[in-house]
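I have placed the structure first, in the form of structure tokens, so that the comments after it can refer back to it.
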Amino acid sequence: MKRNFDYIFNQPVNPIVICLADQKLEQFKTRIPEVQPSHLEQLALLRRGGSETLKHRNAHHSVALANWDLASTIVYETAKRREPVTPEAIRNLFIRINTVLMQEIHNSAGGKVRQLNNVWVGPCDAKGSTDPHPSRLAVPGSMVNTELNTLCNEVAEELNLGNVNPILLAARTAMKGISIHPFSDGNGRTCRLIADFVLLRSELLPACFDDEGKNMMVFPRIAPDMNHNTTSAANLMMAALQRSYQQFD
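Sequence positions in the sequence shown follow this note's numbering and run 22 to 270.
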């Protein structure tokens with residue numbers, strides 16, 4: 022299966038949405054010039070809203086919460102160190118975060134880049150994760166490494182240049198990451214945390230997604246209106262950030 026990923030992933034964002042993102046960036050920076058650990062503590066519960074895994078109690082619930090908290094701390098501390106951003110560093114962060122999220126849950130799969138074409142996205146049926154939903158697609162396994170490397174190159178370059186609105190970059194990072202689906206599990210949480218790295222690196226709060234806005238996949242899903250593009254991803258990211266900043270009104 023071959024797709025024109027450049028076209029799918031890099032459609033221009035609607036100019037009106039770009040202007041709105043610029044306004045939001047200025048507002049957010051004015052309200053909280055520097056993000057502190059106390060801000061993350063206050064947002065901790067709300068940030069879980071974007072994950073079914075973190076909300077629903079099951080055999081792994083307490084472990085999943087602890088893993089999420091550790092991964093979130095790693096992202097914050099990595100962003101705050103202000104070390105030079107390289108593609109290798111971004112890729113390593115992807116792998117490290119997914120490894121942490123899968124600790125004591127799927128140890129053998131954590132941090133291992135996907136090679137299989139079939140993926141499990143969203144709620145599974147009685148057959149479990151071995152029966153991927155046929156109407157949900159992602160990048161084929163043979164192309165995952167290439168697409169992940171391309172994304173890491175873009176994130177590193179744009180963070181270093183500093184001339185791209187970090188809200189839009191975070192949105193594109195989450196959208197591309199989730200659509201690539203680089204791992205066998207934990208992709209949503211992993212990619213939202215990488216997007217948070219982009220935000221925190223730019224002294225913005227991490228995003229707080231709700232059930233409706235958490236998944237930014239661009240490929241066909243159950244219903245056409247559930248598919249996303251760069252513009253809808255930007256809107257979802259702005260809404261998630263607005264939710265974060267409202268906690269400090």
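Glycine included, C-beta positions come from ideal geometry on N, C-alpha and C.
Between residue 187 and residue 86, the alpha-carbon positions lie close to 27 Å from each other. Between the region 190-199 and the region 116-124, the count of Cβ pairs shorter than 8 Å is below three; the stretches do not touch. By the criterion of at least three beta-carbon pairs nearer than 8 Å, the region 92-109 is not in contact with the region 125-135. Nearest C-alpha to residue 185 among 30, 32, 39, 35: 39. Between residue 204 and residue 134, the C-beta gap is smaller than 8 Å, which places the two residues in contact.
Rounded to the nearest angstrom, the gap between the Cα atoms of residue 225 and residue 136 is 34 Å. Distance from the Cα of residue 259 is smallest, within the candidate group 269, 31, 227, for 227. The Cβ-Cβ distance between residue 231 and residue 70 falls below 8 Å. DSSP places residue 52 within a helical segment (H, G or I) once states are collapsed to three. Between residue 208 and residue 215 the beta-carbon gap is near 10 Å, outside 8 Å, which marks them as no contact. Following the DSSP letters along the chain, one finds residue 68 inside the alpha helix (DSSP H) bounded by residues 58-68. The continuous alpha helix (DSSP H) containing residue 174 extends over residues 162-182. In this structure, the straight-line span from the alpha carbon of residue 110 to that of residue 91 is close to 18 Å.
Closest in alpha carbon position to residue 35, among 262, 267, 254, is 254.
For residue 217, the uninterrupted alpha helix (DSSP H) run begins and ends at 208-222, by DSSP. If you draw a straight line from the Cα of residue 56 to the Cα of residue 167, it comes to about 33 Å. Collapsing the DSSP output to three states places residue 253 in a helix. DSSP places residue 185 in the coil class of the three-state scheme, outside both helix and strand.
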